[in-house]
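Student: Attaching a single structure in structure tokens format; questions to follow.
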Amino acid sequence: MTIYLIKKDNLEDKKHYVRQGHPLGGSGSNQSGYRALGEAQLLFIGGRYVGSSDGATFPVTNPMTGDMLYDFASATTADYTRAIEAAHDAFQSWSRTGPSARRLVLLRAADILETYIDQDAPELLSSEVSAIRACAMLNVLSTVNVLRDVVGLATYIKGEIVPAWDDDISREAGSCPLICGNTIVLKPSEFSPKSQHLVVRALNQAGLPPGCGCLNYLPTSPARTPAVTEHEVKHPMVQRINFTGSDRVGRIIAGWASEVLKRCVLELGGKAPVIVLEDVDVTEAVEAVVFGAMSNSGQFACITFQVMENSTEKVGNRSTERVIVHKSIMGQFRSAVEKGAKVIAGDMSITGPNKTIMRPHVLEGVTPEMDVFYKESFGPIRCLFGFDTEEQAIASANNSDFSLCASIFSRDTMRALDIARRVRAGSCHVNGPTVYIEATLPNGGVGGSSGYGRFGGIAGVEEFTQRKIISLASPGQMYNI
């Protein structure tokens, strides 16, 4: 069984509002999973929608306005125990389901999820994460494509017959746990649980076995997050942990997992460097850099952060549209300015009814002594560095604890490839933006604050695979004793 933890960046012990005993329509109500935006939402445990064991809920708010959107059931450690046990029980039958049957479920889920674009997906994403319709469509369609691409991984999960002097190897799991016969307990972000629930809803409607616990969905309040996370990571029935979120929380989860000797896939932070050489078409490079830097308001782990260039040709004012950000980002920015960084784009202001709207900002003169240099900003702040030699550019790009991705821009492809080999990053893109992920590629960092482990393609299969040796002895075999 695998647990998936997404964007849980609040494991410190804070006091957060939790409602006790708020009615959610009763255990098992509305088993289709659909609820209008303003309606309270249930947990999904053992193939049924249920309230939390103590009836508690937590509020989900609009980041733009601060207005409350709805209540979500707040899972307890007891709820997680039920979900883990349900997943464990479901594994016995789901793992024996043929790959073709599992493939059909995921393909149907992709078709169903695609229809949500014309239903409630845009409203959910707009309300929970302030996504415009184009971004909502991209988000849904990229997930649809992942579901369709990942079904091909089923062909990699197979036993191998090898010569008699070696051993029989069988693989019991896969990079996408469902397609490979695994079961899942999923803890989503408390900021956008209905948006992330769209995939659960689609898979449930696509034909997951009724009453089966192969997929469980348990949001919880920020106040309960530390306790339930440690509980599920250390639970003896959980075999793998996949966490997406900050490096700070990733270190906590890795520590818990190490106490019980469990493997993790940690997709953590990023501060992707871009090296722009002097021979590029500057306008084309800027288009790609701006896309890589400002996509999703700068809130991708593989977003461009550092731009190193040895061409100072002016190309105009790009990407001045205001975006939604967290207030703490401005703290990094102002601290850097106080320590000597120079603002070359941006007005150093946060606006909007909930003080979450900010223009893209560009700094130069940033040094390693500044927080913005070594901490993930996760917002529209970018730093510009100049260099005289390739060695300086590579050294600057590698002067970071992050290692997720990078980009190199040059008309000399062989020169760019040579630099790409020397930049410490899990993926390095030549003449393209840092925001580039495909389901078939082994995406992930190479350690440090970007985490470890790979998801996607064969490498992803290996991350969630147990190798098992089964030997067959001949009757009457003699042994040397």
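Here the sequence shown stands for residues 132 to 612, where the numbers follow our numbering.
Ideal Cβ placement from N, Cα and C applies to all residues, glycine included.
With a CB to CB cut of under 6 Å and the five nearest residues on each side skipped, what residues in its chain are close to residue 416?
Tutor: Along the sequence shown, read from residue 1 onward, the residue named residue 416 stands at position 285. Correct list, in chain order: 407, 540.
Student: How many angstroms separate the CA atom of residue 346 from the CA atom of residue 270?
Tutor: Position 215 of the sequence shown holds residue 346. Position 139 of the sequence shown holds residue 270. The alpha-carbon atoms of residue 346 and residue 270 are separated by roughly 21 Å.
Student: Who does residue 190 pair with in a DSSP beta bridge?
Tutor: Numbered from its first residue, the sequence shown carries residue 190 at position 59. Residue 190 is bridged to 202.
Student: Roughly how many whole angstroms lie between the Cα atoms of residue 197 and residue 542?
Tutor: Position 66 of the sequence shown, counting from 1, holds the residue named residue 197. Position 411 of the sequence shown, counting from 1, holds the residue named residue 542. Near 47 Å, if we compare the C-alpha coordinates of residue 542 and residue 197.
Student: Using a Cβ-Cβ cut-off of 8 Å (strictly less than) and excluding sequence neighbours within five positions of residue 484, which residues of its own chain qualify?
Tutor: Within the sequence shown, the letter at position 353 stands for residue 484. Hits under 8 Å: 195, 196, 197.
Student: On the DSSP bridge list, what partners appear for residue 369?
Tutor: In the sequence shown, counting from the first residue as 1, residue 369 sits at position 238. Beta-bridge pairing links residue 369 to no other residue.
Student: Let me know the beta strand (DSSP E) ranges lying completely inside the region 354 to 401, each 3 residues or longer, listed in chain order.
Tutor: Taking only runs of at least 3 residues, the beta strand (DSSP E) segments lying wholly in the region 354 to 401 are 371 to 375, 394 to 398.
Student: If you draw a straight line from the alpha carbon of residue 568 to that of residue 176, how long is it in whole angstroms?
Tutor: Numbered from its first residue, the sequence shown carries residue 568 at position 437. Numbered from its first residue, the sequence shown carries residue 176 at position 45. If you take the alpha carbons of residue 568 and residue 176, they lie about 31 Å apart.
Student: Using the three-state DSSP reduction, which class does residue 582 fall into: helix, strand or coil?
Tutor: Translated into positions along the sequence shown, residue 582 becomes position 451. In this structure, residue 582 counts as coil in the three-state DSSP scheme.
Student: Helix, strand or coil: how does DSSP classify residue 517 here?
Tutor: In the sequence shown, the residue the question calls residue 517 occupies position 386. Correct three-state label for residue 517: strand.
Student: Pick out whichever of 168, 207, 169 has its Cα sitting closest to the Cα of residue 181.
Tutor: Working through the sequence shown from its first residue, we reach residue 181 at position 50. The candidate whose alpha carbon is nearest that of residue 181 is 207.
Student: Between residue 527 and residue 516, how many whole angstroms is the CB-CB distance? I'm expecting something under 8 Å.
Tutor: For the purposes of this step, residue 527 is taken as the residue at position 396 of the sequence shown. For the purposes of this step, residue 516 is taken as the residue at position 385 of the sequence shown. That belief holds up - the Cβ atoms of residue 527 and residue 516 are roughly 6 Å apart, short of 8 Å.
Student: Helix or strand or just coil, what does DSSP make of residue 482?
Tutor: Here residue 482 corresponds to residue number 351 of the sequence shown, with the count starting at 1. Looking at residue 482 - three-state DSSP - the assignment turns out to be strand.
Student: Helix, strand or coil for residue 429 per DSSP?
Tutor: Within the sequence shown, residue 429 is the residue found at index 298, counting from 1. Reliability of the predicted coordinates at residue 429 is poor, the pLDDT of 47 falling under 50, and the value obtained from them is presented with this limitation in mind. Correct three-state label for residue 429: helix.
Student: With respect to the alpha helix (DSSP H) encompassing residue 325, which residues constitute its N-terminal and C-terminal limits?
Tutor: The count along the sequence shown starts at 1 and reaches residue 325 at position 194. That run of the alpha helix (DSSP H) goes 324 to 337.
Student: Roughly how far, in whole angstroms, is the beta-carbon of residue 342 from the beta-carbon of residue 178, given that I think they are within contact range, below 8 Å?
Tutor: Walking along the sequence shown from the start, residue 342 turns up at place 211. Walking along the sequence shown from the start, residue 178 turns up at place 47. Yes, they are in contact, since the Cβ atoms of residue 342 and residue 178 sit about 4 Å apart, within 8 Å.
Student: Leaving out the 5 sequence neighbours to the left and right, which residues in its chain are closer than 7 Å to residue 451 when beta-carbon positions are compared?
Tutor: Stepping through the sequence shown from its first residue, residue 451 is reached at position 320. Reliability of the predicted coordinates at residue 451 is poor, the pLDDT of 48 falling under 50, and the value obtained from them is presented with this limitation in mind. Contacts found: 490, 491.
Student: Does the distance from the C-beta atom of residue 538 to that of residue 559 stay below 8 Å?
Tutor: Start at 1 with the first residue of the sequence shown, and residue 538 comes out as number 407. Start at 1 with the first residue of the sequence shown, and residue 559 comes out as number 428. Result yes, Cβ atoms of residue 538 and residue 559 sit closer than 8 Å.
Student: With DSSP as the reference, label residue 172 as helix, strand or coil.
Tutor: Here residue 172 is taken as the residue at index 41 of the sequence shown, counted from 1. It is a strand residue.
Student: Going by DSSP, what residue range makes up the beta strand (DSSP E) through residue 476?
Tutor: Within the sequence shown, residue 476 is the residue found at index 345, counting from 1. Note, residue 476: beta strand (DSSP E), 473 to 476.
Student: Suppose you measure from the CA of residue 550 to the CA of residue 463; what does that come to, to the nearest Å?
Tutor: As a working mapping, residue 550 is identified with position 419 in the sequence shown. As a working mapping, residue 463 is identified with position 332 in the sequence shown. Each residue's Cα considered, the two are about 30 Å apart.
Student: Run through DSSP, which three-state label would residue 603 get?
Tutor: Taking the sequence shown and counting its residues from 1, one reaches residue 603 at position 472. In this structure, residue 603 counts as coil in the three-state DSSP scheme.
Student: May I ask you to report which of helix, strand or coil DSSP gives residue 464?
Tutor: Locating residue 464 in the sequence shown gives position 333, where the first residue counts as 1. Note: residue 464 maps to helix in three-state DSSP.
Student: Can you name the residues that DSSP bridges to residue 574?
Tutor: Within the sequence shown, residue 574 is the residue found at index 443, counting from 1. 586.
Student: Let me check you understand the geometry: is the CB of residue 378 closer than 7 Å to at least one non-hydrogen atom of the ligand FAD?
Tutor: Summarising the ligand content, the structure contains no ligands, and the ligand FAD is consequently not present.
Student: My guess is that residue 395 and residue 584 are in contact by the Cβ rule of under 8 Å, so how many angstroms apart are they, rounded?
Tutor: What you label residue 395 is simply residue 264 of the sequence shown in a count that begins at 1. What you label residue 584 is simply residue 453 of the sequence shown in a count that begins at 1. That pair is a contact at about 6 Å.
Student: Is the beta carbon of residue 339 closer than 8 Å to that of residue 275?
Tutor: By one-based count along the sequence shown, residue 275 stands at place 144. By one-based count along the sequence shown, residue 339 stands at place 208. No, Cβ-Cβ distance for residue 275 and residue 339 is not below 8 Å.
Student: Taking the DSSP output, what are the residues bridged to residue 536?
Tutor: As a first step, residue 536 must be located in the sequence shown, where it is residue number 405. DSSP output for residue 536 lists 558 as bridge partner(s).
Student: Apply the 10 Å Cβ neighbour rule to residue 471 and answer buried if 16 or more other Cβ atoms are within range, or exposed otherwise.
Tutor: For this step, residue 471 is matched to residue 340 along the sequence shown. Exposed.
Student: What first and last residue would you give for the alpha helix (DSSP H) that runs through residue 567?
Tutor: Here residue 567 refers to the residue found at position 436 when the sequence shown is read from its first residue. Run containing residue 567: none; DSSP gives neither H nor E here.
Student: Give the range of the alpha helix (DSSP H) segment to which residue 612 is assigned.
Tutor: Translated into the one-based positions of the sequence shown, residue 612 becomes position 481. First-last for residue 612: undefined, no H or E at that position.
Student: Could you work out which residue in 368, 241, 272 is closest to residue 216 when comparing CA atoms only?
Tutor: As a working mapping, residue 216 is identified with position 85 in the sequence shown. It is 368.
Student: Can you tell me whether residue 332 is buried or exposed, with buried defined as 16 or more other CB within 10 angstroms of its CB?
Tutor: Within the sequence shown, numbered from 1, the residue matching residue 332 stands at position 201. Classification for residue 332: buried.
Student: Below 8 Å on the Cβ atoms is my guess for residue 221 versus residue 344; work out the distance and round it to an integer in Å.
Tutor: Along the sequence shown, read from residue 1 onward, the residue named residue 221 stands at position 90. Along the sequence shown, read from residue 1 onward, the residue named residue 344 stands at position 213. At roughly 4 Å, the Cβ-Cβ gap stays under 8 Å, so residue 221 and residue 344 are in contact.
Student: Can you tell me which of the three DSSP states residue 497 falls into?
Tutor: As a working mapping, residue 497 is identified with position 366 in the sequence shown. Three-state DSSP puts residue 497 in coil, outside helix and strand.
Student: Going by DSSP, what residue range makes up the beta strand (DSSP E) through residue 551?
Tutor: Here residue 551 refers to the residue found at position 420 of the sequence shown. Where residue 551 is concerned, there is no enclosing beta strand (DSSP E), although the alpha helix (DSSP H) it sits in stretches over 544 to 553.
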